[in-house]
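As given, the protein sequences belong to chains A and B, one line each in that order.
So in the numbering used here, the last spot in the first sequence is 78, and the numbers never skip.
So in the numbering used here, the last spot in the second sequence is 188, and the numbers never skip.
For each residue, glycine too, the CB sits at the ideal point set by N, CA and C.
All values derive from a computational prediction rather than experimental measurement.
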Amino acid sequence: MAMDAAMIERLIKESLPDAQVSIEDLRGDGDHYAAHVVSGAFRGKSRVQQHQMVYQALRGRMGNELHALALQTSVPDE
Amino acid sequence: MDITVQDRIRQEITDAPVVLFMKGTPVFPQCGFSAAVVQILSHMGVKFKGIDVLSDPSVRQGIKEFSNWPTIPQLYVKGDFVGGCDIIREMFETGELKQLLEEKGVSVRA
Numbered sequence: 001m002a003m004d005a006a007m008i009e010r011l012i013k014e015s016l017p018d019a020q021v022s023i024e025d026l027r028g029d030g031d032h033y034a035a036h037v038v039s040g041a042f043r044g045k046s047r048v049q050q051h052q053m054v055y056q057a058l059r060g061r062m063g064n065e066l067h068a069l070a071l072q073t074s075v076p077d078e
Numbered sequence: 079m080d081i082t083v084q085d086r087i088r089q090e091i092t093d094a095p096v097v098l099f100m101k102g103t104p105v106f107p108q109c110g111f112s113a114a115v116v117q118i119l120s121h122m123g124v125k126f127k128g129i130d131v132l133s134d135p136s137v138r139q140g141i142k143e144f145s146n147w148p149t150i151p152q153l154y155v156k157g158d159f160v161g162g163c164d165i166i167r168e169m170f171e172t173g174e175l176k177q178l179l180e181e182k183g184v185s186v187r188a
């Protein structure tokens with residue numbers, strides 16, 4: 001089942017209000033996305049923890065409706 | 079949570095130094111993301127144990143709960159969760175994966 005990019009962005013921003021989210025629909029099928037999320041909330045966290053925060057924001061959709069979301073996370077430049 | 083599955087997972091990641099929970103086997107991966115991680119580990123000459131979650135639905139669900147991570151593949155080194163496909167790929171590109179494996183005493187081809 002597909003999920004649209006605006007929905008993904010909205011869910012991420014609900015949990016991480018300062019986040020800058022860029023999403024690319026890799027195949028134009030609404031099912032394979034790449035997202036880059038930049039948030040100050042990631043500071044001091046490991047990569048695994050940063051990704052877990054994004055997955056948490058997506059509330060169980062990752063791995064279900066959302067089949068493929070290639071994720072990259074980073075903290076804003078100082 | 080099913081104690082038995084969780085215990086089995088804990089046993090697996092303790093018994094082998096490098097364990098990849100994946101879809102399919104290292105020889106026949108059944109998913110592009112699993113295949114990508116197999117390719118990276120093989121390229122680095124890292125010996126690893128592949129565990130096919132497709133052949134065991136309880137492990138497929140159990141590992142997601144165990145790691146608090148929603149997707150497969152998942153890489154464990156010396157009992158610690160390192161990441162899924164995106165993280166492994168990123169760490170491979172930056173050289174961090176090699177560094178981590180060496181720090182943990184896993185042999186990596188130079």
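Using the Cβ count rule (16 or more neighbours within 10 Å means buried), how would you classify residue 172(B)? Position 94 of the second sequence, counting from 1, holds the residue named residue 172(B). Exposed is the call here.
Exposed or buried, what is residue 92(B) when buried is set at 16 or more other beta-carbons lying within 10 Å of its beta-carbon? Here residue 92(B) is taken as the residue at index 14 of the second sequence, counted from 1. Result: exposed.
Could you name the residues that DSSP lists as bridge partners for residue 128(B)? For the purposes of this step, residue 128(B) is taken as residue 50 along the second sequence, with counting starting at 1. In DSSP, residue 128(B) forms a bridge with 98(B).
Where residue 88(B) and residue 116(B) are concerned, what is the direct C-alpha to C-alpha distance, given to the nearest angstrom? Against the second sequence, residue 88(B) aligns to sequence position 10. Against the second sequence, residue 116(B) aligns to sequence position 38. Each residue's alpha carbon lies about 21 Å from the other.
Tell whether a beta-carbon distance below 8 Å holds between residue 54(A) and residue 37(A). Counting from 1 along the first sequence, the entry for residue 54(A) is found at position 54. Counting from 1 along the first sequence, the entry for residue 37(A) is found at position 37. Contact flag set, yes.
Taking C-beta to C-beta, are residue 150(B) and residue 120(B) nearer than 8 Å? Position 72 of the second sequence holds residue 150(B). Position 42 of the second sequence holds residue 120(B). No, the Cβ-Cβ distance between residue 150(B) and residue 120(B) is not below 8 Å.
Drop a sphere of 10 angstroms on the beta-carbon of residue 73(A), count the other beta-carbons inside from all chains shown, and report buried for 16 or more, exposed for fewer. Taking the first sequence and counting its residues from 1, one reaches residue 73(A) at position 73. So residue 73(A) counts as buried.
Would you call the segment 152 to 171 of chain B and the segment 31 to 50 of chain A in contact, with 3 or more CB pairs under 8 Å? yes
Which bits of chain B does residue 55(A) rub up against, with CB to CB less than 9 Å? Along the first sequence, one-based indexing puts residue 55(A) at 55. Chain B residues near residue 55(A): 146, 147, 148, 149.
Proximal chain B residues relative to residue 47(A), where beta-carbon distance stays under 7 Å: As a working note, residue 47(A) is residue 47 in the first sequence. Ordered by position in chain B, the residues that pass the 7 Å Cβ test against residue 47(A) are 161, 165.
My guess is that residue 154(B) and residue 97(B) are in contact by the Cβ rule of under 8 Å, so how many angstroms apart are they, rounded? What you label residue 154(B) is simply residue 76 of the second sequence in a count that begins at 1. What you label residue 97(B) is simply residue 19 of the second sequence in a count that begins at 1. Yes, they are in contact, since the Cβ atoms of residue 154(B) and residue 97(B) sit about 5 Å apart, within 8 Å.
8 Å Cβ cut-off: residues of chain C touching residue 26(A): Here the protein chains are A and B, and chain C is not one of them.
Please name the residue in 122(B), 102(B), 123(B) whose C-alpha comes closest to that of residue 135(B). As a working note, residue 135(B) is residue 57 in the second sequence. Nearest option by C-alpha distance: 102(B).
So, helix, strand or coil for residue 75(A), using DSSP? The sequence position of residue 75(A) within the first sequence is 75, counting from 1. In the structure shown, residue 75(A) sits in coil (DSSP, three-state: anything other than H, G, I, E or B).
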